[in-house]
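Undergrad: Under full-length UniProt numbering, the letters of the sequence shown match residues 1 to 250, in that order. Cβ coordinates follow ideal geometry from the N, Cα and C atoms, glycine included. Since the structure is predicted, the reported quantities are computational estimates derived from the model, not experimental observations. One structure, as structure tokens, below. Some questions next.
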Amino acid sequence: MLSKTAKIPLVSSHHEVYEPCDDSFALVDALLADRTNLLLHHPSICMEIGCGSGYVITSLAVMLGDEEFVPYYIATDINPHAIKVTRETMDAHGVYAELVNTDITSGLEKRLAGSIDVLVVNPPYVPTPEDEVGCEGITSAWAGGENGRSVIDKILPTADNLLSERGWLYMVTLTANNPSEICLEMRKKGYASRIILQRSTEEESLHIIKFWRDSDSQLELNNLNYWTKMIEEEVHQLDVISVQAASSCW
Numbered sequence: 001m002l003s004k005t006a007k008i009p010l011v012s013s014h015h016e017v018y019e020p021c022d023d024s025f026a027l028v029d030a031l032l033a034d035r036t037n038l039l040l041h042h043p044s045i046c047m048e049i050g051c052g053s054g055y056v057i058t059s060l061a062v063m064l065g066d067e068e069f070v071p072y073y074i075a076t077d078i079n080p081h082a083i084k085v086t087r088e089t090m091d092a093h094g095v096y097a098e099l100v101n102t103d104i105t106s107g108l109e110k111r112l113a114g115s116i117d118v119l120v121v122n123p124p125y126v127p128t129p130e131d132e133v134g135c136e137g138i139t140s141a142w143a144g145g146e147n148g149r150s151v152i153d154k155i156l157p158t159a160d161n162l163l164s165e166r167g168w169l170y171m172v173t174l175t176a177n178n179p180s181e182i183c184l185e186m187r188k189k190g191y192a193s194r195i196i197l198q199r200s201t202e203e204e205s206l207h208i209i210k211f212w213r214d215s216d217s218q219l220e221l222n223n224l225n226y227w228t229k230m231i232e233e234e235v236h237q238l239d240v241i242s243v244q245a246a247s248s249c250w
């Protein structure tokens with residue numbers, strides 16, 4: 001059976017580029033779990049913000065390789081070394097993307113506005129001092145500022161601008177990022193959301209959230225307390241399940 005994700009031995013590396021880790025694997029596993037829906041979605045343009053080693057965007061291109069009409073892929077990263085490594089990773093897998101060395105999507109907003117059907121983001125989500133955010137090199141891959149939200153809070157309005165009417169956003173978040181608040185903020189912009197994968201490691205609890213435009217969401221905003229409670233309960237239940245699963249391993 002052919003692999004539906006990028007092969008780790010073929011993923012290129014550089015000492016200043018974030019290597020595939022638990023968060024990368026969780027995001028790809030979430031995409032793979034949603035692959036049937038992605039294939040039915042027939043995306044025209046797929047994009048990754050913060051491509052790092054290229055593992056995620058390459059995996060997405062590989063898993064959608066059965067498409068009759070191959071999507072156009074775009075990936076960005078603030079780290080120039082990541083652009084080179086991603087190109088090498090994609091070349092090794094026989095897939096292609098337009099790669100842009102930029103901060104989030106700076107310089108691309110007007111060109112890509114309303115055109116992205118699938119957007120994937122593994123943002124810098126680790127809580128750090130604010131002065132580490134946007135640093136050169138590998139630190140830019142994880143430094144998320146206060147509550148790990150500094151970069152995430154810049155990406156959310158950017159995603160709203162980029163996504164097409166049928167666009168989907170897949171984003172990695174940490175419990176410390178307050179994913180329920182992120183979901184609520186996106187609901188205010190007209191998006192429904194669902195946590196499609198939750199995974200805990202010894203160091204962190206990850207949530208992969210899928211967002212999509214929902215015409216009914218503005219009506220539902222009349223009861224913000226209801227939605228806040230519902231989202232928080234979903235996050236809590238997944239965390240409890242994860243803790244129980246981890247405990248059963250001992």
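Whole-angstrom Cβ separation of R187 and S193, contact assumed at under 8 Å?
TA: Within the sequence shown, numbered from 1, the residue matching residue 187 stands at position 187. Within the sequence shown, numbered from 1, the residue matching residue 193 stands at position 193. Right, the Cβ-Cβ distance comes to about 7 Å (below 8 Å), so this counts as a contact.
Undergrad: Tell me the DSSP secondary structure of V85 in three-state form.
TA: As a first step, residue 85 is located in the sequence shown; it is residue number 85 there, counting from the start. Reduced to three states, the DSSP call for V85 is helix.
Undergrad: Kindly confirm or deny that the stretch 122 to 130 and the stretch 73 to 85 touch, where touching means at least three C-beta pairs closer than 8 Å.
TA: No, the stretch 122 to 130 does not touch the stretch 73 to 85.
Undergrad: Give every residue of the same chain whose Cβ lies closer than 7 Å to the Cβ of L27, excluding the five residues on either side of it in the sequence, and list them in chain order.
TA: Residue 27 sits at position 27 when you count from the first residue of the sequence shown. Correct list, in chain order: V56, V120, N122, Y170, V172 and I208.
Undergrad: Based on the DSSP output, what are the partners of V172 in its beta bridges?
TA: By 1-based counting over the sequence shown, the position of residue 172 is 172. The partner list for V172 (beta bridge, DSSP) reads I208.
Undergrad: Is the separation between the beta-carbon of residue 256 and that of L206 shorter than 8 Å?
TA: There is simply no residue 256 to check, as the chain begins at 1 and stops at 250 in what is shown.
Undergrad: Buried or exposed: which applies to K210, given that a residue is buried once 16 or more other Cβ atoms fall within 10 Å of its Cβ?
TA: Stepping through the sequence shown from its first residue, residue 210 is reached at position 210. Classification for K210: buried.
Undergrad: How is the beta strand (DSSP E) around I182 delimited, first residue to last?
TA: If you number the sequence shown from 1, residue 182 lands on position 182. Not the beta strand (DSSP E): I182 falls in the alpha helix (DSSP H), residues P179 to K188.
Undergrad: At 3 residues or longer, and completely inside the UniProt domain "Methyltransferase small" (46 to 128): list those beta strand (DSSP E) runs for me, N to C.
TA: Whole beta strand (DSSP E) segments, 3+ residues: 72 to 77, 98 to 101 and 116 to 121.
Undergrad: Looking only at C-alpha atoms, which of A61, N161 and P20 sits nearest to K189?
TA: Position 189 of the sequence shown, counted from the start, is the residue given in the question as residue 189. The shortest Cα separation from K189 among A61, N161 and P20 belongs to N161.
Undergrad: Which residues does DSSP pair with Y191 in a beta bridge?
TA: Taking the sequence shown and counting its residues from 1, one reaches residue 191 at position 191. For Y191, which the question treats as bridged, DSSP gives the partners R213.
Undergrad: Near E165, what residues of its chain come up, given a Cβ to Cβ distance below 7 Å and the 5 sequence neighbours on each side ignored?
TA: Working through the sequence shown from its first residue, we reach residue 165 at position 165. Once the five neighbours on either side are set aside, the close Cβ partners of E165 are R213.
Undergrad: Can you pull the DSSP bridge partners for A143?
TA: To locate residue 143, count along the sequence shown from 1; it is residue 143. Beta-bridge pairing links A143 to V126.
Undergrad: Kindly list the residues whose CB is nearer than 7 Å to the CB of C135, restricted to its own chain and excluding five residues on each side of it in sequence; keep chain order.
TA: In the sequence shown, residue 135 corresponds to position 135, counting from 1. So the qualifying residues of the chain are A143.
Undergrad: Could you give the DSSP three-state label for T5: helix, strand or coil?
TA: Taking the sequence shown and counting its residues from 1, one reaches residue 5 at position 5. It is coil, neither helix nor strand.
Undergrad: So, using beta-carbon positions, are H93 and H14 closer together than 8 Å?
TA: Residue 93 sits at position 93 when you count from the first residue of the sequence shown. Residue 14 sits at position 14 when you count from the first residue of the sequence shown. Not closer than 8 Å, so no.
Undergrad: For L197, which beta-bridge partners are listed by DSSP?
TA: The residue labelled residue 197 in the question sits at position 197 within the sequence shown. In DSSP, L197 forms a bridge with I208.
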